[in-house]
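Heads up, the thing below is written out as structure tokens.
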Amino acid sequence: MDLKQLKYFVAVVEENSFTKAAKILHISQPTLSLSIKSLEQQLNTQLFERNTRAMQITDGGQLLYDRAKKLLLKLSIVEKEIVELNATGKGEVHLSIIESTQNWIPKVIKNFKQSYPTMKIRFTEITNKKHVIQSLRSYKTHLSITNQLVEEEDIEFIPIYTEKFLLIMHEDNKLSSKQDLSFQDLKDEPLIITKEGYQTRVNILEAFEAEGVEPTIMFEIERFETAWKLVEENLGIAFIPKNYAKDVLDSRVVIKEVDSSNLTRTVYLTYMKHRYFPAAIRELIGDIEGNF
Numbered sequence: 002m003d004l005k006q007l008k009y010f011v012a013v014v015e016e017n018s019f020t021k022a023a024k025i026l027h028i029s030q031p032t033l034s035l036s037i038k039s040l041e042q043q044l045n046t047q048l049f050e051r052n053t054r055a056m057q058i059t060d061g062g063q064l065l066y067d068r069a070k071k072l073l074l075k076l077s078i079v080e081k082e083i084v085e086l087n088a089t090g091k092g093e094v095h096l097s098i099i100e101s102t103q104n105w106i107p108k109v110i111k112n113f114k115q116s117y118p119t120m121k122i123r124f125t126e127i128t129n130k131k132h133v134i135q136s137l138r139s140y141k142t143h144l145s146i147t148n149q150l151v152e153e154e155d156i157e158f159i160p161i162y163t164e165k166f167l168l169i170m171h172e173d174n175k176l177s178s179k180q181d182l183s184f185q186d187l188k189d190e191p192l193i194i195t196k197e198g199y200q201t202r203v204n205i206l207e208a209f210e211a212e213g214v215e216p217t218i219m220f221e222i223e224r225f226e227t228a229w230k231l232v233e234e235n236l237g238i239a240f241i242p243k244n245y246a247k248d249v250l251d252s253r254v255v256i257k258e259v260d261s262s263n264l265t266r267t268v269y270l271t272y273m274k275h276r277y278f279p280a281a282i283r284e285l286i287g288d289i290e291g292n293f
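Position one of the sequence shown corresponds to residue 2 (my numbering), numbered consecutively onward.
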């Protein structure tokens, strides 16, 4: 049993077809079939049921697929690590971020670039927890800055700061002149909130629940920028992280704090625990942690 056979076998399982797998692998179907047959003989087990019209994997085949998939992924990771090792200080850093980092991450990168001026930085905005994990495990990103709580055994997650959620509303809103706001004041206000799958939504709804108030959700969005624009048109109210609101100014938007200990969130730096990092990326990790 060799790596080529495992790659062929995984391709057949994932394509659920010898014909499609052979096309993707750029080999002939007879060559692929012979390789799978040889693999079955070596393992002394049948990998696919051949007495049905639709191809079906056997229990032994499923076990081999699960193990082979992990093995091939680890091999791919090793290959990428070797490339990165050879490109220390001259390659790329892939960094996934959330929208509210825009007011501090450029300063961190400016400092980092003084030490590594030739290092390219690739930013990706990832907000979904599942996608954060997938991106880290597939080595598409080196580091991820996220407000998702990623509690996985193979992923390091370091809290780098905790921030408040601030309430924004149009200056014409009847509550804009009120000094002390509570959740009771907000229950009938049209709420602009992130859609399902976003941690910010969970944080805000948990805060309402803790205060015993049912919010009136009117708009569901993905980006705080959209929430801000909707508030500018006096279409509702929204909670945004303090770091996002820091440098955003508009005469028509009023920013207020609501009296609640539940309106906070934590932002984390995450990365694979056992991944090899060149000196440049280790320094960037230190720069991010040291910024707070």
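Note that beta-carbon positions come from the ideal geometry of N, C-alpha and C, so glycine has one too.
| Check | Outcome |
| --- | --- |
| Residues that DSSP places opposite P191 in a beta bridge | T217 |
| At least 3 beta-carbon pairs within less than 8 Å: the region 220-230 vs the region 171-181 | no |
| 8 Å Cβ cutoff met for F10 and A69 | yes |
| Coarse secondary structure for R68, derived from DSSP in three states | helix |
| Nearest-angstrom Cβ-Cβ length linking L137 and I110, presumed shorter than 8 Å | Wrong, their Cβ atoms sit about 20 Å apart, outside the cutoff. |
| Rounded straight-line distance, which links the Cα of P107 to that of E215 | 38 Å |
| Assumed close pair S101, F225 - CB separation to whole angstroms, cut-off 8 Å | 7 Å |
| L76 burial status per 10 Å Cβ neighbour count (16 or more: buried) | exposed |
| Cα-Cα separation, Q200 to T267 | 10 Å |
| Runs of beta strand (DSSP E) lying entirely within the region 104-183, each at least 3 residues, in chain order | 121-126, 144-147 and 156-171 |
| Sequence-distant residues of its chain with Cβ nearer than 7 Å to Q185 (five each side left out) | V214 |
| Complete runs of the beta strand (DSSP E) confined to the region 201-271 [at least 3 residues] | 217-222, 238-242 and 254-257 |
| Contacting residues, own chain, Cβ-Cβ under 7 Å from E290 (five flanking each side not counted) | I159, I161 and L270 |
| Supposed close pair S145, S97 - CB separation, criterion 8 Å | 4 Å |
| Opposing strand residues paired with H95 [DSSP bridges] | R123 |
| Residues that M273 bridges to, as DSSP identifies them | I156 |
| Chain-order list of residues whose beta-carbon lies under 6 Å from that of N204 (same chain, five-residue window excluded) | R266 |
| In DSSP terms, what E50 is bridged to | Q57 |
| Beta-carbon gap between K165 and K243 smaller than 8 Å | yes |
| Residue environment, N148, which counts as buried when at least 16 other CB atoms sit within 10 Å | buried |
| Neighbourhood of E207 by C-beta, 8 Å cutoff - its chain only, sequence neighbours within 5 removed | N263 |
| Distance CB(Q47)-CB(T59) smaller than 8 Å | yes |
| Same chain, Cβ closer than 7 Å to A12, five either side skipped, listed in chain order | A22, I25 and L26 |
| Cutoff 8 Å; reference T163; Cβ partners in own chain excluding five residues on either side | T265, R266, T267 and V268 |
| Assigned exposure category for T125 - 16 Cβ within 10 Å defines buried | exposed |
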